[in-house]
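If you're matching them up, the sequences are chains L and B in order. Everything in the first sequence is counted per the numbering used here, starting at 74 for the first residue and increasing by one. Everything in the second sequence is counted per the numbering used here, starting at 6 for the first residue and increasing by one. Ideal placement from N, C-alpha and C gives every residue a C-beta, glycine not left out. Here the structure is a predicted model, which means the values were calculated and not measured.
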Amino acid sequence: MSENIIKVTQVKKYFGGVKALDGVDLVIKKGEVHCLAGENGCGKSTIINVISGFYTPDSGTIEIDGKEYSKLTTQQAIEAGVQVIYQDLSVFPNLTVRENLAITMEKSSERKFISRKRYDEIAKQALSTIDFQIDLDEYVENLTVADKQLIAISRALLYDAKLIIMDEPTTAITQKEVKNLFEVIRRLQKKGISVLFVSHKLDEVFEIADHFTIFRSGHNVYSGPTKELTQALFTHYMTGRDIEEEPFEYNEKDGAKTVLEVKNLSLKDGFKDCSFSIREGEILGITGLLGSGRTELAETIFGVHKADSGQIFLNGQEVHFNNVRDAMAAGIGYVPPERNVMGLFMDQSISDNISVTRWDDCRKGIMMDQSEIDTLVDHWVGELSIKIGNASDTMRTLSGGNAQKCVLAKWLALDLKVLILNGPTVGVDIGAKYDIYNLTKKLADRGLAVIIISDDIREVLLNCNRVLIMRRGHLVDEKQTKGLDEETLSRLSVEY
Amino acid sequence: MSIKRLTKKTEFYVAIILIAFCLLVQVRSGQFFTPNNIVDLLRSLTIPMMFAVGEMMVLISGGVDCSFPAIASLSMYFVTTKMDGMFSSPIPYFLVAMLLGLCMGAVNGFIVAKYRFPAMIVTLGASSLWIGVMQGILGSSEYPLTSALYRLGEAKILTGTNAQTGFSSNLPVHFGFAVVLVLIGWFILNKTMLGRGIYAIGGDEVAAARAGFNVFGTRMFIFCFSGAMAGFIGVCRASMMMTVNPNNMIGMEMDVIAACVLGGVSLVGGKGSVLGAVLGTALMTLVANSLILLGIPTVWSRVFTGLIIIIGTGVSAVQEKQRKNTLHVAVSEE
Numbered sequence: 074m075s076e077n078i079i080k081v082t083q084v085k086k087y088f089g090g091v092k093a094l095d096g097v098d099l100v101i102k103k104g105e106v107h108c109l110a111g112e113n114g115c116g117k118s119t120i121i122n123v124i125s126g127f128y129t130p131d132s133g134t135i136e137i138d139g140k141e142y143s144k145l146t147t148q149q150a151i152e153a154g155v156q157v158i159y160q161d162l163s164v165f166p167n168l169t170v171r172e173n174l175a176i177t178m179e180k181s182s183e184r185k186f187i188s189r190k191r192y193d194e195i196a197k198q199a200l201s202t203i204d205f206q207i208d209l210d211e212y213v214e215n216l217t218v219a220d221k222q223l224i225a226i227s228r229a230l231l232y233d234a235k236l237i238i239m240d241e242p243t244t245a246i247t248q249k250e251v252k253n254l255f256e257v258i259r260r261l262q263k264k265g266i267s268v269l270f271v272s273h274k275l276d277e278v279f280e281i282a283d284h285f286t287i288f289r290s291g292h293n294v295y296s297g298p299t300k301e302l303t304q305a306l307f308t309h310y311m312t313g314r315d316i317e318e319e320p321f322e323y324n325e326k327d328g329a330k331t332v333l334e335v336k337n338l339s340l341k342d343g344f345k346d347c348s349f350s351i352r353e354g355e356i357l358g359i360t361g362l363l364g365s366g367r368t369e370l371a372e373t374i375f376g377v378h379k380a381d382s383g384q385i386f387l388n389g390q391e392v393h394f395n396n397v398r399d400a401m402a403a404g405i406g407y408v409p410p411e412r413n414v415m416g417l418f419m420d421q422s423i424s425d426n427i428s429v430t431r432w433d434d435c436r437k438g439i440m441m442d443q444s445e446i447d448t449l450v451d452h453w454v455g456e457l458s459i460k461i462g463n464a465s466d467t468m469r470t471l472s473g474g475n476a477q478k479c480v481l482a483k484w485l486a487l488d489l490k491v492l493i494l495n496g497p498t499v500g501v502d503i504g505a506k507y508d509i510y511n512l513t514k515k516l517a518d519r520g521l522a523v524i525i526i527s528d529d530i531r532e533v534l535l536n537c538n539r540v541l542i543m544r545r546g547h548l549v550d551e552k553q554t555k556g557l558d559e560e561t562l563s564r565l566s567v568e569y
Numbered sequence: 006m007s008i009k010r011l012t013k014k015t016e017f018y019v020a021i022i023l024i025a026f027c028l029l030v031q032v033r034s035g036q037f038f039t040p041n042n043i044v045d046l047l048r049s050l051t052i053p054m055m056f057a058v059g060e061m062m063v064l065i066s067g068g069v070d071c072s073f074p075a076i077a078s079l080s081m082y083f084v085t086t087k088m089d090g091m092f093s094s095p096i097p098y099f100l101v102a103m104l105l106g107l108c109m110g111a112v113n114g115f116i117v118a119k120y121r122f123p124a125m126i127v128t129l130g131a132s133s134l135w136i137g138v139m140q141g142i143l144g145s146s147e148y149p150l151t152s153a154l155y156r157l158g159e160a161k162i163l164t165g166t167n168a169q170t171g172f173s174s175n176l177p178v179h180f181g182f183a184v185v186l187v188l189i190g191w192f193i194l195n196k197t198m199l200g201r202g203i204y205a206i207g208g209d210e211v212a213a214a215r216a217g218f219n220v221f222g223t224r225m226f227i228f229c230f231s232g233a234m235a236g237f238i239g240v241c242r243a244s245m246m247m248t249v250n251p252n253n254m255i256g257m258e259m260d261v262i263a264a265c266v267l268g269g270v271s272l273v274g275g276k277g278s279v280l281g282a283v284l285g286t287a288l289m290t291l292v293a294n295s296l297i298l299l300g301i302p303t304v305w306s307r308v309f310t311g312l313i314i315i316i317g318t319g320v321s322a323v324q325e326k327q328r329k330n331t332l333h334v335a336v337s338e339e
C-alpha cells in the first residue's frame, strides 16, 4: 500500500514533432484534492489521457496505488479505480437519468439484456453515494449542467473509484452550484477518494484544492501546497510572464453623453422594471447568478426578445428594435456567452467569421470584394493580436482566447456605440484573458460604452467602473467598483 | 407513466389524430368500421410497417437509409427469377433474399461506419447502384411469380366480409410476419444492450464509445439488419402481389422515412420508438387509403400525404423550437 494514489514520473509524450509532455511528474496522495492547472496546450488533457490509459507514454512510469504499469490500458486504469469525468460529461441526453446511471455499469459487466429492476437498483445505489435527489424518469437533456455533472459523478462512483479526474468542472455552472459540487467533493475526500481537478478558474480552486501542480508547454513549473501560492504567483507560473492587474479607471469627461438608457424595461419570465444608463467611455458590469435574467436583459437590448413594456433610448432617441438587424444597424453589438454555438461559424474560415458583419459594405456591385475583405481581416487580426495560422483556416483551429478575439473583431469592424459582452472570458486562457481586458479598456477610452455581464467577481471589479447587481429578474443594487471588495460584491449577487 | 409525461410524447398525439381520423371517416361514410375495410387497411400497412422498423433503427443511431427499396427489389428480383421453380417451399427464397440483402446492407454499413461518410449520400448512391444492377445486368421486367411464393400469397389469416355490400378482403399471412418483425424490433431496441447501444450512439457517439459500446459493430449491425429485412420484405411484397414487379417498391423510402419522423423518430438520432414508427406509418396509410371513403378522389392522395408530413413534422419542430426559446427566469415580486 502506498500513500500515493497516483505517481507519474518523467512521462514524455510526443505527437510527431509536438512535445505534448516533455518529462512531467504528477503525484496525488490518497484523499487529496489536487488541482492541475495550465493554459490550453500545456499538456493537461494529454496527462489525463495518459493516466486513464488512452495514450501510452513514450517514456516514463505510471504508478497507481503503488503498482507500476508499463503499458496501462483503459481497462486496467478503470480497475485500479481511475475515473475521468470529461468536460462534456459523456452523458446521453436522449436517455433517462436511470438509464444514464446504469448503462455504463451494465455494459462493463457485459450484460446482454435489460432488466428494469437491476437498472433501478444501480441507479438508486449511484445516487445514494452522494445523496443526490432527482427524478429517475427525467430525460437528461432537460437537466441543468450541474445536475448532469452530479449524474456523471455518481456514475463514476459506481466503479469503486479511488481517483476521480474532473476536467474543467466549474466552467458551465453557477457559483451556488459550485458550492454544492464542493460539498460533494469534500464528502468524497472523507471517504478517502482523491480528486484531480483540472481547471483555470482560480478563486474556486483555491478554496478546494490541497495541492497544486501547474504545467506550461509540457513541463512542470510548480508543484506545492495551495497555501504557498498567491494569485500573482499563479498567473506568473501559468503564463510565464508577469501580468499587471490594473483596475479600470474611468476618466469622466465633462459633457460625456449618455449613450444608452433603459427605462422600466420588463419582459415576462425574463426581468422586471429594469432601469439603468451608461455613458460614453464607461464600462458597466452586470453581475448576478445564472438565471437572474441578466442574459435576457442583454438579449432584449440587442433585439432578440421584444420587451413587454418600458423604453430604450440610444443617444437620447427612443428606439424600437424588432430584431437583431435593427439593433446592429443602430450600433449595438453583443458577444453571447456560448460563442461556439451562437457567436461563431466554427467550420467557416477565420476571414469569413471576422468580416461577416461587414459583408454588406464589402461589395463591388453584386460581387463580393475579396481584397477589401482581406484588408479588413488583416487589420483586425493585427489590431487584436489574434494568433492565427492562415485566415482561410476554419475557426476550429483556434484556441478559446483567440476565438473570442475573433468574435470581438467581428463587432469592432462595425461602427458601434454600445458593446455588450456576456461572459467574455469563459473558457479563455489567462494570457488571452488579459489581452481581452486590455482591449476592452482601450475601446472604452476611445468612447465606446461597454457592458460586461459576468459572474466572475474579479473580472467585474477589475474592468468596470460601475456594477449593477441583478437578482431574480430585478436590478437590485448599483455600486461604484472603486473601494468595493470581492466579498461584498459576491455576497450581494447571491440571494440570501 | 404519469399523464403529464404521456402528453409530452409524440406517439400520444399521433394516436389521437389516428383515432379522430378513423371516427371522421366513419361518421362521413359509415364504411370505416366494416370488416373488409379494416382488413384492407391492415393489408396496405403490412409492407410499409416492416420497412419502418428497419428504417427507424438506422434513424435512431443517427444515420438514414435510403437504399432499402432498392435492396428489397434487387434481392426479390434475383430470387424469383434466377431461382424460379427450384424449390417447393417458400423458405429458401426468403433465406437467399435475406442473405443478399444482408450483404448489400453490409456494404452500406461498412462505408458509413468505417469511413464516416454521410449515410444519406452512401445509401442514395447504393440505391442507384442496385437498381442499375437489376435493370442493366438482370434486365428486369415483369415476371410471373414462382409457384412456392404464389401459394404463400394465397394463404390468409382471415377474411373480412362487409355484410351490407358483400365485398370481402383477405388478410394475408404476411401481416403476421409484419407483427412478428415489429415485436422483434421492439425487443431489440428496448430489451437488449445492443438496442440501448443504438440509442446511446444516436445520443452521443463519443460518450457511447467511452462507455464501451462498439460503435463500428453496432452501426454494421443496424445496416445489416436493415438490409436483411429489406430482402425479406421484398419477397413478401412479391408474394402478396402474386407477381414479380421489380419497380413498384422504388420511391417508398421517402414515405417510410416521413412516417417514422411523423411518429416521433428524430432525424438527428437518439429518439424514437417502435410504437411511434408504427403509428406514423398507420396514419399515412390510413390517409392515403381512406380519402375515397370521404368522397375525395384518390388522385388527391399524394397531396394529403404531403400535407400530413409537412404539418405533422412541422408541429413537432415548432414545439421543439418554442421549448428551447422560452424564458425561465423566476422573476420575484419585490
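Neighbouring residues, chain B, relative to residue i (Cβ below 9 angstroms)
| i | result |
| --- | --- |
| residue 121 of chain L | What residue 121 of chain L touches in chain B: nothing, since even the nearest Cβ is about 13 angstroms away. |
| residue 164 of chain L | 208, 209, 212 |
| residue 420 of chain L | By Cβ distance, chain B contributes nothing, its closest Cβ being about 14 angstroms from residue 420 of chain L, past 9 angstroms. |
is_contact[residue i, chain B] using C-beta, thresh 8 angstroms
| i | result |
| --- | --- |
| residue 240 of chain L | no |
| residue 547 of chain L | yes |
| residue 43 of chain L | Residue 43 of chain L lies beyond the residue range present for chain L, which begins at 74 and ends at 569; the question has no answer from this structure. |
| residue 342 of chain L | yes |
| residue 168 of chain L | yes |
| residue 366 of chain L | yes |
Residue-chain proximity (residue i, chain L), Cβ-Cβ < 8 angstroms
| i | result |
| --- | --- |
| residue 207 of chain B | yes |
| residue 321 of chain B | no |
| residue 337 of chain B | yes |
| residue 279 of chain B | no |
| residue 121 of chain B | no |
| residue 275 of chain B | yes |
Length of the line joining the Cα atoms of residue i and residue j
| i | j | result |
| --- | --- | --- |
| residue 305 of chain L | residue 458 of chain L | 24 angstroms |
| residue 463 of chain L | residue 11 of chain B | 52 angstroms |
| residue 162 of chain B | residue 182 of chain B | 11 angstroms |
| residue 355 of chain L | residue 370 of chain L | 18 angstroms |
| residue 579 of chain L | residue 318 of chain B | This structure cannot speak to residue 579 of chain L, because chain L is shown only from 74 to 569. |
| residue 471 of chain L | residue 284 of chain B | 47 angstroms |
| residue 171 of chain B | residue 202 of chain B | 51 angstroms |
| residue 261 of chain B | residue 56 of chain B | 7 angstroms |
| residue 242 of chain L | residue 110 of chain L | 13 angstroms |
| residue 510 of chain L | residue 536 of chain L | 7 angstroms |
| residue 101 of chain B | residue 244 of chain B | 15 angstroms |
| residue 367 of chain L | residue 277 of chain L | 22 angstroms |
| residue 180 of chain L | residue 271 of chain L | 28 angstroms |
Residue i (DSSP reduced to helix, strand or coil)
| i | result |
| --- | --- |
| residue 228 of chain B | helix |
| residue 284 of chain B | helix |
| residue 193 of chain L | helix |
| residue 165 of chain B | strand |
| residue 170 of chain B | coil |
| residue 309 of chain B | helix |
| residue 159 of chain L | coil |
| residue 103 of chain B | helix |
| residue 550 of chain L | strand |
| residue 295 of chain L | strand |
| residue 507 of chain L | helix |
Neighbour list for residue i in chain B, Cβ cutoff strictly below 7 angstroms
| i | result |
| --- | --- |
| residue 181 of chain L | 217 |
| residue 176 of chain L | 201, 205, 216 |
| residue 345 of chain L | 336 |
Chain-ordered chain L contacts of residue i [CB-CB under 8 angstroms]
| i | result |
| --- | --- |
| residue 197 of chain B | 185, 186, 187 |
Within chain L, the residues that residue i reaches when beta carbons sit closer than 7 angstroms
| i | result |
| --- | --- |
| residue 242 of chain B | None at all; the shortest Cβ gap to chain L is about 33 angstroms. |
Under 8 angstroms by beta carbon: chain B residues contacting residue i
| i | result |
| --- | --- |
| residue 369 of chain L | 332, 334 |
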